[in-house]
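Asks: Before we start, here is the structure in question, set down as structure tokens.
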């Protein structure tokens, strides 16, 4: 017989049903939102001991959503990408109405432009969802949202690749198709892998913590190979279009590398444990740099469209070289 307040295997009987606790006892299903220290949170939420306080945990879905308005150590992560979603949605609307028509962009230009900004929006929204629901009382729900978050990163990287391949190799149809299919295949494989239940199951959690990140770094390195080939096809480093756009690509990679370095090293909180619990942690820096990086790439794509759309492959376009 189940009695109120008695721990059962896999949960706690509250009189209304068994609440899944992920093996942590005693924790009553909360009616309000409270914050916990690093020592008090479940093991699956632990990952950065330098953030010592301000954790949300053990919440039902309703309170996870309500915690959007609670100042915690995840507030910066939630709001940075929620506002980032609004930013890229605004870019998509403004560019589609004003910028692209002003340069006589083609229908395909509109489609690629819309797709890459849509990928950025998905990345922002999936990240926001994960950081909202990582405080859920069910470990299974948290792992599912972590999978969605990683799938969002794959979407964001696809958003960077799409316009680069479309415009960079537009005048070289063979490589245009090959690289587009290759990147779609790689990104799709990462997407399926990160969403597979076993990848974030207790068994999958035995993988090195860097395993998901290694997938994304590998995809980023593929981008460097494509960039090198683009430079060759465009006439080398002296070609005007290479001199104009290669620095823009380099800045994006530098920003991505900086974000990855801060995230991996847990800098700066590793030098100031407990001081950056709410503002200034490496994860928040990662989020802000990603928003800035996507915004930078958005401006680079618009510059490419402005220089490409009027001429295509048949006018005075610097990359008009035979494949």
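Residue numbers (the numbering used here): 249 to 571.
Ideal placement from N, C-alpha and C gives every residue a C-beta, glycine not left out.
#1: Pull up the DSSP beta-bridge partners for residue 283, would you.
#2: Taking only runs of the alpha helix (DSSP H) that begin and end inside the segment 396-470, which ones reach a length of at least 4 residues, in chain order?
#3: Tell me, please, whether the segment 304-324 touches the segment 276-296 by the rule of three or more beta-carbon pairs shorter than 8 Å.
#4: Where does the unbroken alpha helix (DSSP H) through residue 496 begin, and where does it stop?
#5: Count the other CB atoms within 10 Å of the CB of residue 285; is the residue buried (16 or more) or exposed (fewer)?
#6: Kindly list the residues whose CB is nearer than 6 Å to the CB of residue 406, restricted to its own chain and excluding five residues on each side of it in sequence; keep chain order.
#7: With DSSP as the reference, label residue 552 as helix, strand or coil.
#8: Tell me which residues share the same chain as residue 295 and place their Cβ nearer than 6 Å to its Cβ, disregarding the 5 neighbours each side in the sequence.
#9: With a threshold of 8 Å, are at least 3 pairs of Cβ atoms found where one atom belongs to the segment 509-529 and the other to the segment 466-474?
#10: Between residue 555 and residue 543, what straight-line distance do the alpha-carbon atoms span, to the nearest angstrom?
#11: Please classify residue 272: does DSSP put it in a helix, a strand, or coil?
#12: Less than 6 Å between C-beta atoms, sequence neighbours within five positions excluded: which residues of the same chain meet that for residue 442?
#13: Leaving out the 5 sequence neighbours to the left and right, which residues in its chain are closer than 6 Å to residue 364 when beta-carbon positions are compared?
Replies: Let's see:
#1: The residue labelled residue 283 in the question sits at position 35 within the chain shown. DSSP, once it has assigned bridges, lists 304 as partnering residue 283.
#2: 421-443
#3: yes
#4: Locating residue 496 in the chain shown gives position 248, where the first residue counts as 1. Its alpha helix (DSSP H) spans residues 488-513.
#5: Position 37 of the chain shown, counted from the first residue, corresponds to residue 285. Exposed, since its Cβ has fewer than 16 Cβ neighbours within 10 Å.
#6: Stepping through the chain shown from its first residue, residue 406 is reached at position 158. Taken in chain order, the residues that qualify are 367 and 435.
#7: Mapped onto the chain shown, residue 552 falls at position 304. Three-state DSSP puts residue 552 in a helix.
#8: In the chain shown, residue 295 corresponds to position 47, counting from 1. Here the set comprises nothing.
#9: no
#10: To locate residue 555, count along the chain shown from 1; it is residue 307. To locate residue 543, count along the chain shown from 1; it is residue 295. Their backbone Cα atoms lie some 19 Å apart in a straight line.
#11: Here residue 272 refers to the residue found at position 24 of the chain shown. For residue 272, the predicted structure reports a pLDDT of 42, less than 50, and the residue's modelled location is therefore unreliable. The matter cannot be settled from this model.
#12: Position 194 of the chain shown holds residue 442. Taken in chain order, the residues that qualify are 395, 398 and 399.
#13: In the chain shown, counting from the first residue as 1, residue 364 sits at position 116. Excluding positions up to five away in sequence, the list reads 407, 410 and 411.
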